[in-house]
Amino acid sequence: MKPSDPSITWLEEKPLGLAERLYLPLFVSGLTTTARHLVSPKVTVSFPDQRPKVGNPLIYRGVHRLNRDAEGRVKCVACFLCATACPAHCIDIVAAESPWPDREKYPESFHIDELRCIFCGMCEEACPVDAIELTSLLDLTGKSREEMIFDKEKLLSVYDMTKDAEPMKSTALGCDP
Amino acid sequence: MPVVIVDGQEIEIGADERLNCIEAARRAGKEIPHYCWHPGLSVVASCRMCLIETGQRDAATGKITMVPKLVPGCQTPVKDGTVIVTESQLVKDSRARVEEALLIDHPIDCPICDKAGECLLQDYHFQHGQPERRADLQPFHSRKRDVGPTVTLFVDRCIMCTRCVRFTREISGTAELMVTSRGAKEEIDVFPGHPLANKLSGNVVDLCPVGALGDKDFLYQQRVWFLKREANVCGGCSAGCSIHTEHNQDAVYRLKPRENPHVNKWWICDDGRYGWHHLHDQARILEASRTAASPTHRGNGSGTPATEAVEWADVVVKLRDDLKAAGRLAVAVSPMLTVEEAWMLCAVARSIDSEAFLALGFVPVTGDDESFPGGFTIRAEKCPNRKGVEEVLAIYGAAGRSWDDLVAHVAAGKADAAWITAGYPAAWIDTASAEAFAGLRQLVVQDLFDSPLMRLASWRLPAAGFAERAGTWVNVAHHAQSFRQAIRPPAGVWPEGRLFWNMLGRRGLYDPTAVRQQIATSSPTLAALGGELPSTGVDLRLHQLA
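In order, the protein sequences belong to chains A and B. Be aware that the first sequence starts at 1, since it is given in the numbering used here, and climbs by one per residue. Be aware that the second sequence starts at 1001, since it is given in the numbering used here, and climbs by one per residue.
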């Protein structure tokens, strides 16, 4: 598009009024903002001694977990839709025939590379059985790269750890179970 | 020439062609959806998905008379003046109703169904179905039935197109599958004690338009949308069936037949279909090595000489030097090699020893040719390129020399060094036969796996598997097919072509197409290989006659 394009409307800058030319009123209004923050309550916390407050844990995108069904089995059906949706390619699943008669397929192994993950939440959205969810756990640390690749047991243990504080989203958000 | 009118578009068809409406419409670029019809099977017109409007144009007056009701496109032959309407409201409504009827009790388990992504029911539902489900049934599970050693049937996913049943009756001729019960209770089943166990059984999985028949070898292994496919040729036997190698990250997941009217039509045998597992066998030889020459590498005391690994860049130079120093050379050109590789190997051999004895490598044969009523034959000769190698040997004046001639030549002490190319997926030589090569100064063996011959070798080179090669194979009927490399060989393995290319001192990356053009211009018998080859290949004999 050229500057001469008729679809462009050119606006002239407004001429400065008296208050702007005096400079002082704007100076005072700027300083007022600074002063207000000096006296308002602090939002900074001294992490990790202090825990930051998560606004709504149900929509926070932290560490993943793999949910369990009513019988304590992994809910995942190994459909690979999370791995397909994942833009960072951090999910690796090995599917196998399930050992239970009422299910056809289950994940023999399920790995998430938490270092590769960008915490976009696409896996959670793609999941047809609400098996993978992002919790509000935000401090994710480890001593090695290997440690940060979470396997199925680890992801299930995250569920066990967080299920009381954060119930499964399908029920908590009022969707069908 | 007869003219068919497809949605107002006039299409000329051959005077002797017998096409149905689906095939005629396809010529006009219109796809009529269908489940039960398959070009290789008889017509039953049972799925009703291909219902279309037809009519006839009067040749004299040009007046069109339409048939008042919808007719199945698969069962309606076209002739001069046939009018086909594939996109009228009547046709669209009919397709939506067929889709709805099929989906009334079809389990909605697409996330765990292996067919999802290549399922006709899914595709047609999005193209022709209606967005909502009026039935109150919400089935999610499918019963599973073991119908044979290679195939699992998911009973409730079946839409009763009976393609699989017709295949076992018409093509494999074994008739294991049948339809039991009637109406809405119809199911595919086998007779007790007669499982689906023929050598073409895997084809029913390809034929199944939905996820009812699952391939046990592939079941749950990978979602189909992750797979990349490369047009390839099966190396299992000398039939040279056209296949698609479906792979992801240099791992093969399955082989599928590729339609080729000149070779395998739509089918491949189970031996070929499941014959790729050796590519990922842990026992494969992955390193070029030779018997240690320096005194610092002493044997380990058990009688086997110590070996030293050799970098490929050094193999190119040292192998030539060693063979040159040894003297008279004998070379076995394996029928697993492509025409290009065989031609380059012969050139390399003759550049080392201008009198080199060239012969066809070992040709593995198992049993007899096995033919099926549908016109499919599994060949007894378990190598893909005997004809091609023979043609190449003829160029180098070694026509008709077989493996036995080579063994006799070596046993008679007429050679000081031998270079045996192999690359066979199965064990091929026993200790007694290998003994003939024991006294040589240099023995180069290029193979996929360890063998008694490999243990005698002074140079041990890894070979490439069939999907890791690029080049041309000539099948038993002189049909040449060119193909590209589907996956990279394991780390540390150079495909034979790359080694020969570098030993010939040629620059850049190995380019099989350039070699093929060179062969075509240098040899009248292989002249048909020149230019761009069609994906279905060329018949070498036809071009010689022309």
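Just so it is clear, CB atoms sit at the ideal spot from N, CA and C, and this is done for glycine as well.
- At a C-beta separation below 7 Å, residue 105 of chain A has these neighbours in chain B: 1112, 1220.
- As summarised for the stretch 95 to 136 of chain A, the continuous beta strand (DSSP E) elements at least 3 residues long and confined to that stretch are 105 to 113, 132 to 134, given in chain order.
- In this structure, residue 1463 of chain B places its C-beta atom within 8 Å of the C-beta atom of residue 1423 of chain B.
- Residue 35 of chain A and residue 24 of chain A have their C-alpha atoms spaced approximately 16 Å apart.
- When rounded, the separation of the alpha-carbon atoms in residue 1330 of chain B and residue 1406 of chain B is 7 Å.
- In this structure, the alpha-carbon of residue 95 of chain A lies about 38 Å from that of residue 1385 of chain B.
- In the displayed model, residue 1245 of chain B falls within a strand according to three-state DSSP.
- Under DSSP, residue 1482 of chain B shares a beta bridge with B/1472.
- Think of a sphere of 8 Å around the beta carbon of residue 1225 of chain B: the chain A residues whose beta carbon falls inside it are 84, in chain order.
- DSSP places residue 80 of chain A outside any beta strand (DSSP E), giving it a letter other than H or E.
- With contacts defined as CB atoms closer than 8 Å, residue 1128 of chain B and residue 1096 of chain B qualify as a contacting pair.
- Closer than 8 Å to the CB of residue 99 of chain A there is not a single CB belonging to chain B.
- With contacts defined by Cβ atoms closer than 8 Å, residue 1113 of chain B and residue 1202 of chain B do not form a contacting pair.
- DSSP places residue 1168 of chain B within a helical segment (H, G or I) once states are collapsed to three.
- It is roughly 51 Å from the alpha-carbon of residue 157 of chain A to the alpha-carbon of residue 1313 of chain B.
- Along the stretch 114 to 133 of chain A, going in chain order, the ones with a CB nearer than 7 Å to a CB of chain B are 128.
- Note that the C-beta distance between residue 1050 of chain B and residue 1072 of chain B is below 8 Å.
- Proximity of residue 76 of chain A to chain B, defined by a Cβ-Cβ separation below 8 Å, is not satisfied.
- Pairing residue 63 of chain A with residue 1481 of chain B, the inter-Cα distance amounts to about 52 Å.
- Closer than 8 Å to the CB of residue 81 of chain A there is at least one CB belonging to chain B.
- For residue 96 of chain A, a Cβ of chain B is located within less than 8 Å of the residue's own Cβ.
- Residue nearest to residue 126 of chain A within the set A/17, A/84, A/106, A/142 is A/84 (criterion: CA-CA distance).
- Contact check between the stretch 1079 to 1088 of chain B and the stretch 1048 to 1068 of chain B: three or more CB pairs, one atom from each, fall below 8 Å, which counts as touching.
- Non-local beta-carbon contacts of residue 1005 of chain B in its own chain, meaning distances under 6 Å to residues more than five positions away in sequence, involve 1083 in chain order.
- For residue 1403 of chain B, the closest of B/1357, B/1366, B/1380 by C-alpha to C-alpha distance is B/1357.
- By the criterion of at least three beta-carbon pairs nearer than 8 Å, the stretch 1503 to 1519 of chain B is in contact with the stretch 1341 to 1354 of chain B.
- For residue 1517 of chain B, the CB contacts under 7 Å within the same chain, skipping 5 residues up- and downstream, are 1530 in chain order.
- Boundaries of the alpha helix (DSSP H) around residue 1344 of chain B: 1339 to 1352.
- Residue 1332 of chain B: not part of any alpha helix (DSSP H); member of the beta strand (DSSP E) spanning 1329 to 1333, first to last residue.
- In the structure shown, residue 1289 of chain B falls within a strand segment according to DSSP collapsed to helix, strand and coil.
- Counting only runs of 4 or more residues that sit fully inside the stretch 15 to 62 of chain A, the alpha helix (DSSP H) segments are 18 to 22, 24 to 39, in chain order.
- When secondary structure is reduced to three states using DSSP, residue 1385 of chain B falls in the coil class, being assigned neither helix nor strand.
- Per DSSP, the continuous alpha helix (DSSP H) segment holding residue 1205 of chain B begins and ends at 1203 to 1207.
- It is roughly 52 Å from the alpha-carbon of residue 1192 of chain B to the alpha-carbon of residue 166 of chain A.
- DSSP, read as helix, strand or coil, puts residue 1498 of chain B in helix.
- Here residue 9 of chain A is exposed, its C-beta having fewer than 16 other C-beta atoms within 10 Å.
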